[in-house]
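Residue numbers (my numbering): 3 to 151.
Heads up, the beta-carbon is just placed ideally off N, CA and C, and yes, glycines get one too.
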Amino acid sequence: MLEYKNIIVPYDGTENAKKALRAAVQLAKCSEDCKIYIASVCNLAAAMTSFDQTSIKEGSLATKMSEDMESLSKKHLREADEIVPDDIEHEMLLEVGSPGPVILELSEEYECDLIVMGSRGLGQIKGLLMGSVSGYLLSRSKIPVFVVK
């Protein structure tokens with residue numbers, strides 16, 4: 003069986019992200035001295051594209067959205083911390099940016115040998131049109147990507 007030393011799990015609080023984290027925990031239990039990095043990535047740019055830019059005055063909406071997204075990400079990381087048993091070494095990472103590139107950067111920075119993530123379940127057509135973080139990572143990652151449904 004393969005053994006992993008560093009696993010990164012992109013985490014957004016969804017059921018599929020929770021399933022992915024539980025799968026990562028099981029893989030870590032089968033490996034000696036494995037650490038799990040749980041990463042929540044705030045994508046403020048994507049959230050802002052849904053608003054009319056002329057309605058944003060002096061950045062107040064952007065600031066509020068940024069604070070709300072950071073608060074939500076911290077909540078997700080607290081939930082994730084409850085899922086991982088105390089005997090599994092893990093670290094919480096809170097980042098801002100586009101999730102795909104950020105996860106790739108983190109996986110390199112922390113010398114990860116596996117990415118475990120949940121599938122968004124868009125289906126073939128929506129996934130093709132909208133793209134997905136899992137699709138991005140599957141096509142660009144130098145390390146294995148384990149997608150959990």
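Quiz prompt | Candidates Asp89, Leu95, Glu69: closest to Arg80 by CA position | solution = Per the Cα distances, Leu95.
Quiz item: With a CB to CB cut of under 7 Å and the five nearest residues on each side skipped, what residues in its chain are close to Pro101?
Solution: Residues of the same chain with a CB within less than 7 Å of the CB of Pro101, apart from the 5 flanking positions on each side, are Pro12, Val43, Asn45, Val135 in chain order.
Quiz item: For Ser62, does the count of other Cβ atoms within 10 angstroms reach 16, so buried, or fall short, so exposed?
Solution: Looking at its Cβ environment, which holds fewer than 16 other Cβ atoms inside 10 Å, Ser62 is exposed.
Exercise. Can you say whether Met132 is buried or exposed, counting buried as having 16 or more other CB atoms within 10 angstroms of its CB?
Key: Note on Met132: pLDDT 43, under 50, position unreliable in the model; no value is reported.
Quiz item: I think Ala19 touches Glu97, with their Cβ atoms under 8 Å apart; what is that distance to the nearest whole Å?
Solution: So it is not a contact: roughly 15 Å between Cβ atoms.
Quiz item: Based on the DSSP output, what are the partners of Val147 in its beta bridges?
Solution: Beta-bridge pairing links Val147 to Ile117.
Practice problem: Starting from Ile90, trace the beta strand (DSSP E) both ways and give me its first and last residue. | Solution: It is not in any beta strand (DSSP E) - Ile90 carries neither H nor E in the DSSP assignment.
Quiz item: Are the Cβ atoms of Lys7 and Cys36 separated by less than 8 Å?
Solution: Contact: yes.
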